[in-house]
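Asker: In the numbering used here, the protein residues as written are 118 to 583.
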């Protein structure tokens, strides 16, 4: 797991003094955090040591997690692609949830914090792919910092890599929607909860909606360009099972292979070309390619949720001549008082920025709150032991019982229910958080979308409810 050549010269989270750290005996990271604060770990020699800074984890919230009071804090890791504006918006949504809990005094008086990491392909840092970076960062967060929960990574392939690289950490992704992730774990129970969670519903319904939309428009043959991996392969498999027409599949695992697949799909006799890739950058590159390739002159394009964001509209604007022939699917846009309150709070905390312009921000906010509420339950019902398993048990207490909107003003009432040993039924900013007790997954409406005539927004065509 420890493949990345980390920069070991500096301490994470600010400067540190070794005073007693080089001779304090320990048996666990928790021992060292209690003795010296967050950012210390138990070394191989059984002595506490400062955790070296990881080049991919350069910021925290609050800024100094070494401050007094953070020795027993609930600190969570966050993994995004820091080069993508949409992902930065999701990170801001996560920060908002933690800010709200800190303003309430923490988890029954216990501090909370975040360590922000990136899985971006960044040659200035290393030569890792995004999946490799996700695995390396997740390993660091679990093995070195001992965080019990990791929010993210965003894509299905990255989430799978992070899951397989860790042993105990609980992962909660706001946007990893591949149905293939379901098979990574067996049936969950209260005694043995799972550790891979999502606030986005799996892709099974999305595939059926795509197939039905194609049938409704009289499309009988399609070419599918699918990225090798959990998301692209999984969605393509689901579509082939649901669609009654002819499907010709072209796969890719690199930029050159993507262009080759786009060439073959454009030259095929398919009426419509579908592109399933987990990265917005790949979808953008495909649309730019299609705009300049004669084989797409009379073909419609069908994209998925990875294109339903401002990054795609901005970066693919040179191909705006194709926009009126693009259609896609995504989880239905959230609505209701919880979502409206989230959007307003997000604007207040982020200089008026509009969270609605970025995909899965509400899901990221909910992911943070789900972790915080799980930790609240563990604080009150598991003797304060914030292990991944205890937090997951707490998260299983959010889908039945008295209904509560996921708003900070309801936190004390939810905590009181937990104190009494009761569960609650939470409605989040992204919608109902009704987790199936066996799969620990949710269900949600799917929206068919198109690009607005202005070219700068995504608009809904219709919504299908499960």
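Glycine residues also receive a C-beta, built at the ideal position from the N, C-alpha and C atoms. From a predicted model like this one, the values you see are computed outputs, not experimental measurements.
1. Entirely within the stretch 162–209 and at least 3 residues each: give me those beta strand (DSSP E) ranges in chain order.
2. Per the DSSP calculation, residue 417 is bridged to which residue(s)?
3. For residue 346, which residues from the same chain have a beta carbon less than 6 Å from its beta carbon, with the 5 sequence-adjacent residues on both sides left out?
4. Suppose you measure from the CA of residue 224 to the CA of residue 150; what does that come to, to the nearest Å?
5. Roughly how many angstroms separate the alpha carbons of residue 500 and residue 535, rounded to a whole number?
6. Which of the three DSSP states is assigned to residue 516 in this structure?
7. Please state whether DSSP places residue 254 in a helix, a strand or coil.
8. Count the other CB atoms within 10 Å of the CB of residue 262; is the residue buried (16 or more) or exposed (fewer)?
9. Can you tell me which of the three DSSP states residue 259 falls into?
10. Tell me the residue span of the alpha helix (DSSP H) that contains residue 577.
11. I'd like the ranges of any alpha helix (DSSP H) spanning at least 4 consecutive residues and lying wholly in the stretch 427–454.
12. Once you ignore the five residues that flank residue 235 on each side, which residues in its own chain have a CB closer than 6 Å to its CB?
13. Taking the alpha-carbon of residue 552 as reference, which of 181, 515, 364 has the nearest alpha-carbon?
14. Just verifying my parser: in three-state terms, what is the DSSP assignment at residue 64?
15. I'd like the span of the alpha helix (DSSP H) that includes residue 149, first residue to last.
16. According to DSSP, simplified to helix, strand and coil, what is residue 344?
17. Quick one: give me the first and last residue of the alpha helix (DSSP H) that residue 410 is part of.
18. May I have the straight-line CA-CA distance separating residue 240 from residue 270, to the nearest angstrom?
19. Got a sec, what are the start and stop residues for the alpha helix (DSSP H) residue 630 sits in?
20. Output needed for residue 283: all residues of its chain with C-beta closer than 6 Å, excluding positions within five of it in sequence on either side, in chain order.
21. Could you give the DSSP three-state label for residue 294: helix, strand or coil?
22. Is the separation between the beta-carbon of residue 366 and that of residue 353 shorter than 8 Å?
23. Residues in its own chain within less than 6 Å of residue 397 by CB, not counting five upstream and five downstream?
24. With the cut-off set at 8 Å, would you say residue 342 and residue 369 are in Cβ contact?
25. Evaluate the contact criterion for the stretch 559–566 versus the stretch 303–320: three or more CB pairs, one atom per stretch, below 8 Å.
26. State whether the stretch 435–442 contacts the stretch 403–421, with contact taken as three or more CB pairs (one from each stretch) at a distance under 8 Å.
27. Pull up the CB-CB distance for residue 233 and residue 208, whole angstroms please, since I reckon it's below 8 Å.
28. Determine the extent of the beta strand (DSSP E) in which residue 268 is found, giving its start and end residues.
29. With residue 365 as the anchor, note down where its beta strand (DSSP E) starts and where it stops.
30. Only counting the same chain, and skipping five residues up and downstream in sequence, which positions put a Cβ closer than 7 Å to that of residue 138?
31. What did DSSP end up calling residue 230 once you bin it into helix, strand or coil?
32. Hey, residue 244 and residue 513: beta-carbon distance below 8 Å or not?
Answerer: Straight from the coordinates:
1. 165–167, 176–178, 191–197
2. 389
3. 274
4. 18 Å
5. 13 Å
6. strand
7. helix
8. buried
9. helix
10. Careful: residue 577 lies outside any alpha helix (DSSP H), inside the beta strand (DSSP E) at 575–581.
11. 427–432
12. 173, 199
13. 515
14. Any question about residue 64 goes unanswered here, given that the chain covers just 118 to 583.
15. 146–153
16. strand
17. Counting along the chain, residue 410 falls outside any alpha helix (DSSP H), and DSSP gives it neither H nor E.
18. 19 Å
19. With the chain running from 118 to 583 in the structure shown, residue 630 is simply not present.
20. 255, 259
21. coil
22. yes
23. 423, 428, 429
24. yes
25. yes
26. yes
27. 6 Å
28. 266–268
29. 363–369
30. The predicted position of residue 138 is uncertain, since its pLDDT is 43 and thus under 50; no value can be drawn from it.
31. strand
32. no
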